[in-house]
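Peer 1:
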Amino acid sequence: MTDSNETKTEKKRYFEPAPTDIDVENFKKVVQSRRSVRKFTKKPIPAEVLDDCLDLALLAPNSSNLQPWTFYVVQNPAKKKQLVKACLSQLAAKTASELIVCIARTDRIDEMAKKNISDFPFPEAPKALKQYYRFIPYNYKTGYFNAIGNFKKVAFKVARTLDKQLPVTAFNPADAKLWATKTTALACENLVLALRAYGFDSCMMEGFDEPMVRKILNLNHQQYPVMVIGAGERAVDGVFFPQYRFERELFIQKV
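Residues in the sequence shown are numbered from 4 upward in steps of one, following the numbering used here.
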């Protein structure tokens, strides 16, 4: 018979202390010196530097660790020439050492959910985590003919009449695209800040011919070009105007 006073073995929890040696001033310098550079020199970005910047991009926060992105580093000369044209032949694309197409994806939510279980960094994924990743894909999936999205719309409407608090979900493909795009944009920011920290610069371009980009990369209908990032060493005359922002009060609200 088990002793009633016997203490149960506590489950081990993971703890990760916050680093204390972060240099805030250097971080500010990276953020404040990041500019949209429109003209680059011919100096190449070393392969190991570019790889490290891309790895840092992949560390961006993302919903449920589903990582709905792909970064195409376009280095094939013929494809790169086509991509420059797709970017409206703007100077930032023509002079960039590297062109990186940032894609948001809603086509492998199930795959990434399963991978979170199979690649869990401990010997056995907790039961609660397995249950979560069996459920969470339905938060972003909409199904054929939007069947899942329509069902969620009705279910959420009923739940709200019962004063239930509900998470953001995808009721249609546009909602799913928005979710993946927001997450991918966070990784894009990581990428350009990493480039700046290494002494290189970037231009985040939304001015591109999307159908042409889709054709160059052979994208499916659930893969969405978010932006094309031109990267390289800043030319002396690579920044066209000084940076300015509007009054802080327009954007920061305390309630």
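In this text, a Cβ means the ideal position worked out from N, Cα and C, and glycines have one as well. Computed from a predicted structure; not experimentally measured.
With 16 other CB atoms within 10 Å as the buried threshold, where does Glu9 fall?
Peer 2: With a pLDDT of only 47 at Glu9, under 50, the local geometry of the prediction cannot be trusted, and the value read off the model is given with reservation. Exposed.
Peer 1: Would you mind sorting Lys239 into buried or exposed? The rule is 16 or more other CB atoms within 10 Å of its CB.
Peer 2: Per the sequence shown, residue 239 should be read as Val rather than Lys. When all chains shown are included, Val239 counts as exposed.
Peer 1: Based on the DSSP secondary-structure assignment, which residues constitute the bridge partners of Glu101?
Peer 2: In DSSP, Glu101 forms a bridge with Ala234.
Peer 1: What are the boundary residues of the alpha helix (DSSP H) that includes Tyr141?
Peer 2: Here the alpha helix (DSSP H) through Tyr141 covers 140-143.
Peer 1: Would a C-beta distance cut-off of 8 Å place Leu222 and Pro64 closer than the cut-off?
Peer 2: It is not a contact, given that the beta carbons lie outside the stated cut-off.
Peer 1: Give a yes or no on whether the C-beta atoms belonging to Ile151 and Val229 are separated by under 8 Å.
Peer 2: No.
Peer 1: Does the Cβ-Cβ distance between Met207 and Ala96 come in under 8 Å?
Peer 2: Not in contact: Met207 and Ala96 (Cβ atoms no closer than 8 Å).
Peer 1: For Val195, which option in Lys118, Tyr17, Asp58, Lys155 has the closest C-alpha, if you only look at C-alpha atoms?
Peer 2: The shortest Cα separation from Val195 among Lys118, Tyr17, Asp58, Lys155 belongs to Asp58.
Peer 1: Looking at the secondary structure, which residues open and close the beta strand (DSSP E) in which Val76 lies?
Peer 2: Element bounds for Val76: 72-77.
Peer 1: Please identify the residue among Phe125, Thr187, Cys191 whose C-alpha is closest to the C-alpha of Thr109.
Peer 2: Of Phe125, Thr187, Cys191, the residue nearest in Cα terms is Thr187.
Peer 1: Taking the alpha-carbon of Trp182 as reference, which of Leu62, Thr44, Trp72 has the nearest alpha-carbon?
Peer 2: The residue with the shortest Cα to Cα distance from Trp182 is Trp72.
Peer 1: Report yes if the C-beta distance between Arg237 and Val33 is below 8 Å; otherwise report no.
Peer 2: No, the pair does not count as a contact, with Cβ atoms beyond the cut-off.
Peer 1: Please report the distance separating the alpha-carbon of Cys56 from that of Leu102.
Peer 2: Rounded to the nearest angstrom, the two C-alpha atoms are 13 Å apart.
Peer 1: Among Gln70, Arg163, Lys46, Glu51, whose alpha-carbon lies nearest the alpha-carbon of Lys185?
Peer 2: Comparing Cα positions, the closest option is Gln70.
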